[in-house]
Amino acid sequence: MPATVKNAPKRATAQSMAKKQREISISEFFTKNRHLLGFDSPAKALLTTIKEAVDNSLDACEEAGILPDILIEIIPVEVKKNGNGDKTLTLEPEDEKPKKKGAVAPGKEEQYRVVVQDNGPGIVREQIPKIFGKLLYGSKFHSLKQSRGQQGIGISAAGMYGQLTTGKPVVIYSRTQDQDIGHRFELMLDMKKNEPVIKKDEEVNWEPVHGTRVEIELTGSYKRGQHSVDTYLEQTAVANPHIRLTYRNPRGDEMIYSRAAAELPIQAKEIKPHPYGVELGILMRMLKDTKQRNISGFLRKEFCKVGPKACATVVETAGFTPKKSTRHMEQVDVKNLMDAINSTKIPNPPTDCLAPIGEELVLAGLKQRFEADFYTSVSRPPSVYRGNPFQIEVGLAYGGDIPADKLAQVLRFANRVPLLYQASACAVHKSVLSNNWRSYGMQQSRGALPTGPLIIFVHMSSVWVPFTSESKEAVAHYPEIIKEIKLALQEAGRHLQRYIRRRVREKDALKKQSYIQKYIPHIGIALQEILALEESEKEEIIATLTDTLERSRKL
Ligand SMILES: Nc1ncnc2c1ncn2[C@@H]1O[C@H](COP(=O)(O)OP(=O)(O)O)[C@@H](O)[C@H]1O
Ligand SMILES: [Mg+2]
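Below, the structure is given as structure tokens:
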């Protein structure tokens, strides 16, 4: 028996610890770790909320084949200071409370109602509470299809943040094409149960024929600049030339981004997972869930690109018979199966699951937004990381109104969504930095972005973008992805190099010409004196020389 020390603090026992051990609900987890979802500062919270709602609207419109027309409004809300009862549910223990009385500067952290309305397909009434009042509920997580949303966390997390900071419910209007009436919901989220609480559920006359309107009231901060809502919407319009946006900022200014392309992007196909991509745990779950009775059927039906030959090789390498039951797989069998998959040659996944923007539309988007002298774009062929198909596109805009004395601006996009935060953690940033821009005629200090009038646009489309966190701000550093970005940058860089060289040559020629031009009248006078020419002869010589110079300028 261990010796007891006198006056020692009472230590925990397995039993006392057991009393404290309990399940943590997903909403409780993300309430404490809201930074993981992009709600770590008031300015970012406002941006993330708008981003989640707009991304959903765009995904839904495109999936339904509707050209998106989206309204975004940020409306300042006046909050009564003295106990109006509205804030009973609101503030989180420590971190939301102002440190000292009056510590929050006026205008820095304010209350806004964010409105995002789309002309999409609408949402079926029964689904509305779960979509907006339950974390991890969505249609995209289980499908390998290129879309902006992935995790099924986005919009409900925004609603939860609004509820935490203002105590107000999320308001949703929605109408589907087959209904002549709209639905209006007021929803809260029960943090303990991660379940929706319906405050109001009513039928309303809502004008749009179909679509969804989300209203979230939250504490936020409206700022301009690199990480702002304004920049996000501006860049969204660049990467999505087919959309129309109407944006009203808190000051009441209205901005309209009109369409630069009249057609929807090609609809990307959903694919089955590629066997090279699966991890052991996933493989075990798939074997448990499959309706296929034997291993051959499982390999052929649950994955893409497994033909009869590859299937036979995998089965044989794993030491199974083709009819081995999927119901009787021990852990060691699953491990053997995975090893067999990885040592068998299986063709790359199909690429019709990708919907790149396309070289022409990358140019159209850049031209719509930036006044430049030169534009170029490059779409790489599709490639694969961890079994997931992806494709990289790069666009450059150079010269014109783009500031010449600043560092180049890098616009990062994943599945057409602008990424505004965490640049230095992103594979795109890393690839841009490690590219040698000096070889194209740009200035670049060691380890820095190039300096000059340059916009660098990089887009990754994939069925699954490997973000570094749930807030979807930076792309993870997979070597295959970095390699593809570099190749695209190099190709676009060579186009830029040709343009810069030509411009340098033209500038040189122009300088020489203007130099000669200055001396032509003097040559005329000198020749007149030496050869005792008439005034008209001198004028003729000057005209001929000027004409010759003009002709050389046109060459
Ligand atoms: N504006 C909308 N129109 C139609 N469906 C929507 C809309 N917003 C959300 N949804 C549906 O709700 C689901 C959950 O959305 P969200 O929580 O943002 O997760 P995710 O977008 O990652 O799937 C989406 O998958 C989509 O099916
Ligand atoms: Mg979403």
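One gets our numbering by counting positions in the sequence shown from 1 and adding 622 to each.
By construction, the Cβ of each residue, glycine as well, lies at the ideal position given by its N, Cα and C atoms.
Note that the coordinates shown come from a computational prediction; the quantities given were computed from them, not determined experimentally.
Let me confirm a value: residue i is counted as buried when at least 16 other C-beta atoms fall within 10 Å, else exposed. Which label applies?
{"i": "H950", "result": "exposed"}
{"i": "F763", "result": "exposed"}
{"i": "Q1065", "result": "exposed"}
{"i": "E732", "result": "buried"}
{"i": "M1082", "result": "buried"}
{"i": "E1157", "result": "exposed"}
{"i": "T1166", "result": "exposed"}
{"i": "E1172", "result": "exposed"}
{"i": "M639", "result": "exposed"}
{"i": "E1151", "result": "exposed"}
{"i": "Q799", "result": "exposed"}
{"i": "T966", "result": "buried"}
{"i": "T841", "result": "buried"}
{"i": "V746", "result": "exposed"}
{"i": "T998", "result": "buried"}
{"i": "Q643", "result": "exposed"}
{"i": "Q749", "result": "exposed"}
{"i": "E674", "result": "buried"}
Tell whether a beta-carbon distance below 9 Å holds between residue i and residue j.
{"i": "N970", "j": "K910", "result": "no"}
{"i": "H849", "j": "V1000", "result": "no"}
{"i": "P690", "j": "I865", "result": "yes"}
{"i": "M906", "j": "F920", "result": "no"}
{"i": "E645", "j": "S769", "result": "no"}
{"i": "K756", "j": "E817", "result": "yes"}
{"i": "F992", "j": "I1077", "result": "yes"}
{"i": "H896", "j": "P1011", "result": "yes"}
{"i": "G833", "j": "G941", "result": "no"}
{"i": "V701", "j": "L855", "result": "no"}
{"i": "Y783", "j": "P872", "result": "no"}
{"i": "T653", "j": "L786", "result": "yes"}
{"i": "L668", "j": "I775", "result": "no"}
{"i": "L680", "j": "N862", "result": "yes"}
{"i": "I1164", "j": "L1155", "result": "no"}
{"i": "L1111", "j": "V1016", "result": "yes"}
{"i": "Y879", "j": "A859", "result": "yes"}
{"i": "E839", "j": "V736", "result": "yes"}
Classify residue i as helix, strand or coil using the three-state DSSP reduction.
{"i": "D823", "result": "strand"}
{"i": "V676", "result": "helix"}
{"i": "N958", "result": "helix"}
{"i": "F807", "result": "strand"}
{"i": "T935", "result": "helix"}
{"i": "Y1043", "result": "coil"}
{"i": "I1164", "result": "helix"}
{"i": "I696", "result": "strand"}
{"i": "I1076", "result": "The identity of residue 1076 in the sequence shown is Leu, whereas the question assumes Ile. Strand."}
{"i": "R922", "result": "helix"}
{"i": "E1054", "result": "Here the sequence assigns Val to residue 1054, which means Glu is not the residue at that position. Three-state DSSP puts V1054 in a helix."}
{"i": "N964", "result": "helix"}
{"i": "S1158", "result": "helix"}
{"i": "T671", "result": "helix"}
{"i": "D1023", "result": "coil"}
{"i": "E1102", "result": "helix"}
{"i": "A727", "result": "Confidence in A727 is poor, its pLDDT being 41 and thus under 50, which makes the residue's placement unreliable; the coordinate value appears in the next sentence. Note: A727 maps to coil in three-state DSSP."}
{"i": "A1036", "result": "strand"}
{"i": "F651", "result": "helix"}
{"i": "T1090", "result": "coil"}
{"i": "E982", "result": "helix"}
{"i": "H657", "result": "helix"}
{"i": "F754", "result": "helix"}
Compute the beta-carbon to beta-carbon distance between residue i and residue j, rounded to the nearest angstrom, for a pair I have assumed lies under 8 Å.
{"i": "I979", "j": "R1038", "result": "7 Å"}
{"i": "T1168", "j": "I1145", "result": "In fact, because the Cβ distance is near 11 Å, the residues do not count as touching under 8 Å."}
{"i": "D740", "j": "A780", "result": "Not really, about 15 Å apart at Cβ, beyond 8 Å."}
{"i": "I1107", "j": "S1046", "result": "Actually they do not touch by this definition, with Cβ atoms about 15 Å apart."}
{"i": "R922", "j": "C933", "result": "6 Å"}
{"i": "S649", "j": "L811", "result": "6 Å"}
{"i": "W1086", "j": "Q772", "result": "7 Å"}
{"i": "L809", "j": "K790", "result": "With 8 Å as the limit, L809 and K790 do not qualify as a contact, their Cβ atoms being about 11 Å apart."}
{"i": "G1022", "j": "A986", "result": "Contact flag wrong, Cβ pair sits at about 16 Å."}
{"i": "L1041", "j": "C1048", "result": "7 Å"}
{"i": "I777", "j": "N678", "result": "6 Å"}
{"i": "L1071", "j": "L1055", "result": "7 Å"}
{"i": "A1096", "j": "Q1044", "result": "4 Å"}
{"i": "Q1135", "j": "S1174", "result": "7 Å"}
Can you confirm whether residue i, when its beta carbon is compared against all beta carbons of chain B, has any partner nearer than 9 Å?
{"i": "T1166", "result": "As a matter of chain content, chain B is missing from the structure shown, which is built from one protein chain."}
Does the beta-carbon of residue i, which I'm using as the reference point, lie nearer than 8 Å to any heavy atom of ligand 4?
{"i": "K752", "result": "Among the ligands in the structure shown, ligand 4 does not appear; only ligand 1 and ligand 2 can be found there."}
Given 8 Å, three or more beta-carbon pairs between the region 1124-1133 and the region 794-808:
no
Counting pairs of Cβ atoms below 8 Å between the region 951-958 and the region 818-833, do you hit three or more?
no
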